[in-house]
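Notes to accompany the following structure.
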Amino acid sequence: MSDAYDPAVVEPKWQKRWEADQLYRAVVDWSKPKHYALTMLPYPSGDLHIGHWFAMTPSDARARFMRMRGYNVLFPMGFDAFGLPAENAAIQRNIHPKTWTYANIERMRRQLRSMGAMFDWEREAVSCDPAYYRWTEWFFSQFFRNQLAYRGEGLVNWSETLQTVLANEQVIDGKDERTGQPVVQKLMEQWFFAITRYSDQLLNFEGLDWPEPVKLMQTNWIGRSEGARVFFAGEQGDPIEVFTTRPDTLWGATFMVLSPEHDLVERLTSDAQRAAVEVYREQAAGATEIERLSDTREKTGVFTGGYAINPVNDARIPVWIADYVLSTYGTGAIMAVPAHDQRDFEFARKYGLEVVPVIQPEGEKLDGTTMAAAYAGPGRMVNSGPFDGTPVTSDKGWANPSVKAVADWLAERAVGRKSVNYRMRDWLISRQRYWGAPIPVVYGPDGVEMVPDDELPVLLPDDVQFMPTGRSPLTYDEAFLHTTDSDGEPARRETDTMDTFMCSSWYQYRYLSPGFAQGPFDPAEAAYWLPVDVYTGGAEHATMHLLYTRFFTKAMRDLGMFAEAQSMMEAHGRDPNGAFDEPMTKLRNQGQILGAERKGDIILARGRRDGNVLIAERVEVIESGTVEPGSRSSEVAGELMKRTENILQIDAGGEELVTIEVPHSAIVHIPTIEGENNVNQLRHHLEIQRMSKSKGNVVNPDELVAQFGADTVRAYLMFFAKWDQGGPWNYGGIKGPQRLLQDVWEIGCADYAPGQTDESATRALRRKTHQTIRKVTQDLDDFSFNTAVAAIMELRNTILAAQRAANVSRVAWDEAVDMLLLLLAPISPHITEELWTRRGQPYSIHQQPWPQWDEEVAREEMVSLVVQINGKTRDKFDVPAGLDDDKLRQLALASEKVQRLLDGQAPRKVIVARGSLVNIVP
């Protein structure tokens, strides 16, 4: 008998040993192939949740796997530490963001270490450390000096009451979530990065092994459209420029729509319409950009009283304003062609505007007065002057002959030109917040100046006071605000801070050398480790972080920031071509863990009625079936479906839920919980849905580690679902991996002594061992963790059967056990290290080479041969493996079942497939 497996003893023991030995310290070694494995760094919100573990532990397993395959592996960790939650904590709890953040980081470090991951903690980077954001500020300066950073106007959520800008999540139904006061859209000067200059480069995914959905999301987000710029004119001669993907429909433009903020609205508005226009503009200012662009929102607008001239036919068309057109997108003006655009069609029908078809489908004649919907298909141009009869196809952009022909014609007449438009806009990086990297800008008498590099970082002041309004203290901190420019003249600091995505756009480079003071990274480290070989994290970051970090890398390359690293790479014989074009060559996304379904407590509540609400005097949790569900005059019985503080919603068997209010004076009795009970201990019903604290369905990994051990939690997370899909959490499912590790412990500690050796059984054990090596190797290479664990479970079963029979050789037993431990080591690192050592093997199991399989040993001795007639299975039997096709044909035709069905007829064809299937065609 072996001593009992106790993860609470085994896991801390090896974590301390690994740390003391710096087992996972990654250093440059040009004699080894490198592998830079990176998983998305967490925000220090306070506690790791099981979703962090689901992202990180399989990523760790694969990094370990690559190390055992002979790669020099870098697997770092850090914290994306700036952000709004810390500032909210400062306001709500009177805790400084810095104090709150660093306390959370310390707690999360402990939780991360409990995973047993191979993080190289000496490379930790924390984005709110001055040593880190010094270089965030430096990047901003470099971008500004190279025209990649500029100041422009952007729409913000402005609170007149608070005199501050609010984030989108702070605005609910057009009002500030704190005060309930109205919030308006306001154009303010902001800082931008010119990401749109890289639009075409960002559409090129050559050489990237990224999931297709992510590439598609980025492609759609960038939104490249071919079309034409067209120059309309107001009646006073003011040019009104529009971009359209369909210049072939210009003759059907029956009105124009400007954004309410457009510069020409004032000049185009007639006196008669001015009051209505102003009212509408005020209304539009109260809607967020997201609301204005919503497809489901009813489109509204107002006539300005002004007109514009269509340049293709000199038609005089009315100009409207509508909030679905944004001044910050495109030109802030559109031509409206209601016959061929559904949004324009609905607008035209609502306001009685003319609909003129200019594309007729084949065999049909559209009538603008009777059309029920816009027509956007192919056909021929009509009512279009010189282009009548021109074919229109379904092709996009200039591939459509009608689009190309009209675009060329516009250019010839100088009333337009071919143009490419992008849906993506430049990256607005300004945040009117305290807890972010300062923007290193001062405003002096001569305008904008960058803070000199040798004076970076511009430090966030620690001694600041936070107002309940949420206004950034940087705007009223006199010591921070007032400075001098390069001439010694009085100047004012920029009080905006940078978008936190700025910090996470380059963190993979700071990991290379977090203590390097001469630049954002050490070129010697960059030459060896770059680019990132595998990046893991959530696909929800596809159009923000993953796009921004690609832009950042390309801009860094173009500004020569990798030049020294490139020279060093060449000096060591590595080709730098393409090494600095993209940040990560391979991307893999994990799915989401969903909250498990849970039945709510069965409640029996007694009290008095107040209308439809029962004011409870006593609430008791009872066994299901002991009381009939129902809502009676003084009591309610049923399942607790929802709880909001002291308000309960009960399914009492009726069509609607019954509401129970539990005052503080009420008695709450929960038999399964000792001591005095309260309403917060009642468990409500949970559906399978995304985990969140607000839904009360978050799984705490600390509790699981305390109960089962980190190795079991790791194994379960890699087993319970496909990693790229995720699935609902199931507490019962963890028993399987727990049993696996218990069995592995018993196997690893067993003193096996064979009885009568059976050569066939010995071969079978070795065959299963080598088949498992092959299977697990392929699965870990493909990020298929669940099937890898399943294969290890099968090998466990085979070993246990061999142990019971005691009929395999000791050599085969030892091989099987050692391979079992090596294959399991990346998944459950602590128990395998312990057992490897107990078996007298050299330290550490994680430094051993990955096992290799022998195809001869792995080959099956017998295989099942499936025999079909006309594709229907008629027989199945075992045959020796490795038979040639002729022999398989003979065996299939010799089958009694086949002979009976053929009834003496010679088959016309006999097809052999994959060495295990024969299909006979009579």
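Counting in our numbering, the sequence shown runs from 33 upward without gaps.
Ideal Cβ placement from N, Cα and C applies to all residues, glycine included.
Q: For M33, name the three-state secondary structure that DSSP assigns.
A: Mapped onto the sequence shown, residue 33 falls at position 1. Per-residue confidence for M33 stands at a pLDDT of 39, beneath the threshold of 50, marking its modelled position as unreliable; the derived number appears in the next sentence. M33: coil per DSSP, three-state reduction.
Q: Flag this pair as yes or no: are the beta carbons of V690 and G670 separated by less than 9 Å?
A: Translated into the one-based positions of the sequence shown, residue 690 becomes position 658. Translated into the one-based positions of the sequence shown, residue 670 becomes position 638. In contact: V690 and G670 (Cβ atoms closer than 9 Å).
Q) Which stretch, first to last residue, makes up the beta strand (DSSP E) that contains R824? A) Here residue 824 refers to the residue found at position 792 when the sequence shown is read from its first residue. Looking at the sequence itself, residue 824 is Ile, so the reference to Arg does not match. Taken as a continuous stretch (DSSP letters only), I824 belongs to no beta strand (DSSP E), being part of the alpha helix (DSSP H) at 817-837.
Q | Within the segment 599-674, ranges of the beta strand (DSSP E) (whole runs, at least 3 residues) | A | 619-622, 624-627, 634-642, 645-653
Q) So does the segment 361-368 actually touch the segment 269-285, counting three or more Cβ pairs closer than 8 Å? A) yes
Q) Hey, quick one: how far does the beta strand (DSSP E) through D907 stretch, first residue to last? A) For the purposes of this step, residue 907 is taken as the residue at position 875 of the sequence shown. First-last of the beta strand (DSSP E) with D907: 904-912.
Q: Give the C-beta separation of Q624 and G83 to the nearest angstrom, bearing in mind that I take them to be a contact with Cβ-Cβ under 8 Å.
A: Working through the sequence shown from its first residue, we reach residue 624 at position 592. Working through the sequence shown from its first residue, we reach residue 83 at position 51. Yes, they are in contact, since the Cβ atoms of Q624 and G83 sit about 7 Å apart, within 8 Å.
Q) Bridge partners of L144, per DSSP? A) Taking the sequence shown and counting its residues from 1, one reaches residue 144 at position 112. Paired residue(s): none; L144 is not in a bridge.
Q. What is the DSSP secondary structure of E323, reduced to helix, strand or coil?
A. Position 291 of the sequence shown, counting from 1, holds the residue named residue 323. Note: E323 maps to helix in three-state DSSP.
Q | Cα-Cα separation between L855 and V41, rounded to whole angstroms | A | Numbered from its first residue, the sequence shown carries residue 855 at position 823. Numbered from its first residue, the sequence shown carries residue 41 at position 9. Taking the straight line joining both Cα atoms gives about 22 Å.
Q: Would you mind stating whether S816 and K904 have Cβ atoms separated by less than 9 Å?
A: Within the sequence shown, residue 816 is the residue found at index 784, counting from 1. Within the sequence shown, residue 904 is the residue found at index 872, counting from 1. No; because the gap between Cβ atoms is not below 9 Å, this pair is not in contact.
**Q.** C-alpha gap between P546 and L488, whole angstroms
**A.** Looking up residue 546 in the sequence shown gives position 514. Looking up residue 488 in the sequence shown gives position 456. Cα to Cα, the separation comes out at about 16 Å.
Q: Would you check if the segment 496-516 and the segment 188-197 touch, i.e. whether three or more CB-CB distances between them fall below 8 Å?
A: yes
(Q) When you compare the CB positions of R828 and I779, do they come within less than 9 Å of one another, or not? (A) One-based indexing of the sequence shown puts residue 828 at position 796. One-based indexing of the sequence shown puts residue 779 at position 747. Contact flag set, yes.
(Q) Between I634, V821, E649, which has its C-alpha nearest R640's C-alpha? (A) Reading the sequence shown from its first residue, position 608 is the one you call residue 640. Checked all of I634, V821, E649; the closest Cα to R640 is E649.
Q. Hey, quick one: how far does the alpha helix (DSSP H) through D10 stretch, first residue to last?
A. Lying before the first or after the last residue shown, residue 10 is absent from the chain, which here runs from 33 to 954.
Q) Can you tell me the Cα-Cα spacing of L55 and F752, whole angstroms? A) Along the sequence shown, read from residue 1 onward, the residue named residue 55 stands at position 23. Along the sequence shown, read from residue 1 onward, the residue named residue 752 stands at position 720. Answer to the nearest angstrom: the Cα atoms are 29 Å apart.
Q.
By the three-class DSSP mapping on this structure, what secondary structure does D508 have?
A. Indexing the sequence shown from 1 puts residue 508 at position 476. For clarity, residue 508 is Tyr in the given sequence; the question names Asp instead. If DSSP states are grouped into helix, strand and coil, Y508 belongs with coil.
Q.
For V566 and F548, what's the separation of their Cα atoms in angstroms?
A. Start at 1 with the first residue of the sequence shown, and residue 566 comes out as number 534. Start at 1 with the first residue of the sequence shown, and residue 548 comes out as number 516. Whole-angstrom Cα-Cα distance: 24 Å.
Q.
Tell me which residue opens and which closes the alpha helix (DSSP H) that Y164 is part of.
A. On the sequence shown, residue 164 is found 132 positions in, with the first residue counted as 1. Here the alpha helix (DSSP H) through Y164 covers 162-177.
(Q) What does the Cβ neighbour count give for S536, buried or exposed, with the cut at 16 atoms within 10 Å? (A) Looking up residue 536 in the sequence shown gives position 504. S536 is buried by the Cβ-count criterion.
**Q.** Bridge partner(s) assigned by DSSP for M530
**A.** The sequence position of residue 530 within the sequence shown is 498, counting from 1. DSSP output for M530 lists S462 as bridge partner(s).
Q. When the Cα of V17 is compared with those of A837, S792, L915, L897, which residue comes out closest?
A. Beyond the ends of the chain as shown, which are 33 and 954, falls residue 17; an answer cannot be given.
(Q) Could you compute how far the alpha carbon of T532 sits from the alpha carbon of P108? (A) By one-based count along the sequence shown, residue 532 stands at place 500. By one-based count along the sequence shown, residue 108 stands at place 76. Each residue's Cα considered, the two are about 20 Å apart.
Q) To which residues of the same chain is A4 closer than 7 Å at the C-beta, ignoring the five residues directly before and after it? A) In this structure the chain extends from 33 to 954, so residue 4 is not present and cannot be described.
(Q) Rounded to whole angstroms, what is the Cα-Cα separation between R299 and Q217? (A) Counting from 1 along the sequence shown, the entry for residue 299 is found at position 267. Counting from 1 along the sequence shown, the entry for residue 217 is found at position 185. About 22 Å.
Q) Hey, quick one: how far does the alpha helix (DSSP H) through L854 stretch, first residue to last? A) For the purposes of this step, residue 854 is taken as residue 822 along the sequence shown, with counting starting at 1. Here the alpha helix (DSSP H) through L854 covers 842-856.
Q: Compare the beta carbon distance of L832 and Q900 with 9 Å and say whether it is the shorter of the two.
A: As a first step, residue 832 is located in the sequence shown; it is residue number 800 there, counting from the start. As a first step, residue 900 is located in the sequence shown; it is residue number 868 there, counting from the start. Going by C-beta atoms, L832 is not nearer than 9 Å to Q900.
Q: In the DSSP assignment, find the beta strand (DSSP E) that holds I682 and state where it starts and stops.
A: The sequence position of residue 682 within the sequence shown is 650, counting from 1. Element bounds for I682: 679-683.
Q: State the DSSP-derived secondary structure class of S426, mapped to helix, strand or coil.
A: Your numbering for residue 426 matches position 394 in the sequence shown. Coil, per DSSP.
(Q) Can you look up A796 in the DSSP assignment and give me helix, strand or coil? (A) Taking the first residue of the sequence shown as position 1, residue 796 is located at position 764. The three-state reading of DSSP puts A796 in helix, counting H, G and I together.
Q.
Please return the same chain residues whose Cβ sits closer than 6 Å to the Cβ of V659, not counting the five positions on each side in sequence.
A. In the sequence shown, the residue the question calls residue 659 occupies position 627. Only L636, A669 meet the Cβ criterion.
(Q) Taking the beta strand (DSSP E) that T900 belongs to, which residues open and close that run? (A) What you label residue 900 is simply residue 868 of the sequence shown in a count that begins at 1. According to the sequence provided, residue 900 is Gln. The question's Thr does not apply to it. Per DSSP, Q900 belongs to the beta strand (DSSP E) from 894-901.
Q. What residues match up with N342 in a beta bridge as DSSP calls it?
A. As a working mapping, residue 342 is identified with position 310 in the sequence shown. The partner list for N342 (beta bridge, DSSP) is empty, contrary to what the question assumes.
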